[in-house]
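Right, here's the structure in full:
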């Protein structure tokens with residue numbers, strides 16, 4: 001009997017993605033069975049800014065990689081050892097692959113699981129150097145360690161009604177929230193968010209949810225800044241020829257903020273008249289300049305160990321010109337690394353289900369078909385102020 005069909009979004013070299021037939025997932029890890037896993041029918045799977053780093057040729061991602069780490073789906077098959085997840089459950093998949101057994105997972109650091117990647121701590125679906133896990137921009141995907149990893153939505157009908165908000169729980173909402181938590185955002189804080197892409201917008205919403213008094217979002221894309229302003233943020237146009245301190249002072253009356261979040265990462269550009277020139281440490285240096293002494297910077301923006309598309313030889317190997325002495329002199333803290341998404345998923349789900357936050361509206365969701373995924377990648381890369389959500393089975397109508 002032939003296997004069921006499956007299609008996915010495949011990286012085919014810099015600037016190229018294609019929707020192709022791929023293998024239907026099996027409950028297996030290489031040559032051994034994976035009875036703690038499940039197979040999901042993917043209901044929604046989102047295009048992430050970090051996917052764009054790979055597609056732009058700015059990582060060492062191999063051709064043929066099935067992309068996608070933001071996955072929401074319905075369970076269609078359970079392994080023998082799965083006890084608490086059942087067929088028919090609608091679930092959110094944290095983008096980190098995590099075993100739940102190692103010392104890091106046991107203390108809640110699921111972003112640096114020791115058992116899911118042979119090369120380094122931490123794994124993720126469909127991402128370079130993160131363990132080789134098949135991505136979820138597909139019709140079906142296998143998820144291991146299901147009892148530990150999956151967040152089951154309590155009411156299937158309600159979940160489907162709120163799917164365009166709940167789909168953000170797999171990555172960008174926890175990631176933005178983590179950036180704010182690690183930056184020390186509290187009630188009454190003034191916060192600077194670098195970047196008005198989807199993660200930056202999710203961080204801005206998170207800062208509001210945490211009680212920030214003023215959230216300032218900086219970017220060079222006018223449409224994205226307007227999106228940030230649409231839910232109450234102050235927008236800073238970083239194309240202006242002014243220092244970051246002066247720009248902050250124009251909003252707050254003082255040249256510094258309490259906390260800052262870097263939602264840009266290594267593909268950062270200079271500010272002002274030189275804004276077309278890439279300078280990977282721009283955001284890190286700017287946040288050190290404008291954050292209060294003793295303050296913290298949350299850094300959910302991605303930084304890589306190898307960047308073949310970088311302009312300088314140093315940056316090609318992850319070495320960037322950061323003014324670390326300034327941060328040291330100001331006794332600042334910097335919080336790096338992937339987000340332990342599971343740490344925040346349930347709380348943020350409750351905020352969505354109880355109408356405390358409308359994350360889909362804030363990040364300007366647009367649904368597309370699986371076949372239109374390449375167009376979504378192109379539009380995102382072109383600066384579209386949208387979060388593209390792929391609907392592989394036409395679930396959303």
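In UniProt numbering, the protein residues as written are 1 to 397.
We treat Cβ as the ideally placed atom computed from N, Cα and C, and that holds for glycine.
The DSSP assignment places 291 to 298 as complete runs of the beta strand (DSSP E) inside the segment 284 to 320, in order along the chain (cut-off: 3 residues). Pairing residue 145 with residue 40 gives a Cβ-Cβ distance that is not under 9 Å. Excluding residues up to 5 positions away in sequence, 100 lie with their Cβ nearer than 6 Å to the Cβ of residue 148 in the same chain. Excluding residues up to 5 positions away in sequence, nothing lies with its Cβ nearer than 6 Å to the Cβ of residue 120 in the same chain. Looking at 294, 253, 239, the one whose alpha-carbon comes closest to that of residue 274 is 239. Annotated as proximal: residue 171 and residue 48, with beta-carbon spacing under 9 Å. In this structure, residue 245 and residue 290 form a Cβ contact; the two beta carbons are roughly 6 Å apart against a cut-off of 8 Å. The beta-carbon distance between residue 377 and residue 287, rounded to whole angstroms, is 29 Å. This is too long to meet the 8 Å contact definition.
Residue 28 is bridged by DSSP to 33.
Of the residues assessed, residue 104 falls on the buried side of the cut-off, its CB having 16 or more other CB atoms within 10 angstroms. The Cβ-Cβ distance between residue 389 and residue 359 does not fall below 9 Å. Take the alpha-carbon of residue 151 and the one of residue 345: they are about 7 Å apart. With respect to the 9 Å criterion, residue 8 and residue 137 are classified as neighbours on the basis of their beta carbons. When the Cα atoms are used, residue 204 and residue 298 turn out to be separated by approximately 12 Å. When the five nearest sequence neighbours on each side are left out, the beta carbons in the same chain lying within less than 6 Å of the beta carbon of residue 320 are those of 280, 281, in order along the chain.
Distance from residue 364 to residue 167 at the Cβ level is roughly 14 Å; contact not present, criterion being Cβ atoms closer than 8 Å.
Under a 10 Å Cβ-count criterion, residue 70 is classified as buried, with 16 or more other Cβ atoms of the shown protein chains found around its own Cβ.
A direct Cα-to-Cα measurement between residue 262 and residue 126 gives close to 23 Å.
By the CB criterion at 9 Å, residue 337 and residue 50 fall outside the cutoff.
Pairing residue 178 with residue 362 gives a Cβ-Cβ distance that is not under 9 Å.
Taking residue 190 as reference, the option from 248, 154, 174 with the minimal CA-CA separation is 248. Under the three-state reduction of DSSP output, residue 178 falls in the helix class.
DSSP, read as helix, strand or coil, puts residue 324 in helix. Our two residues, residue 283 and residue 81, have alpha carbons roughly 46 Å apart in a direct line.
By the criterion of at least three beta-carbon pairs nearer than 8 Å, the segment 107 to 117 is in contact with the segment 90 to 97. Taking a C-beta distance under 9 Å as the contact criterion, residue 395 and residue 65 do not qualify as a contact pair. In the DSSP assignment, residue 50 falls within the alpha helix (DSSP H) that extends over 49 to 55. Residue nearest to residue 197 within the set 207, 180, 176 is 176 (criterion: CA-CA distance). If you check the CB distance, residue 307 and residue 32 do not come in under 9 Å. Between residue 213 and the set 199, 318, 251, 226, the nearest pair of CA atoms involves 251.
Per DSSP, residue 116 lies in no beta strand (DSSP E) and is assigned neither H nor E. Within the model, the alpha-carbon separation for residue 130 versus residue 253 is close to 44 Å. Between the alpha carbons of residue 206 and residue 75 lies a gap of roughly 29 Å.
Residue 107 has no beta-bridge partner at all, per DSSP. Counting only runs of 3 or more residues that sit fully inside the segment 232 to 288, the beta strand (DSSP E) segments are 234 to 237, 257 to 262, in chain order. With distances taken between CA atoms, residue 92 lies nearest to 73 out of 73, 375, 85, 107.
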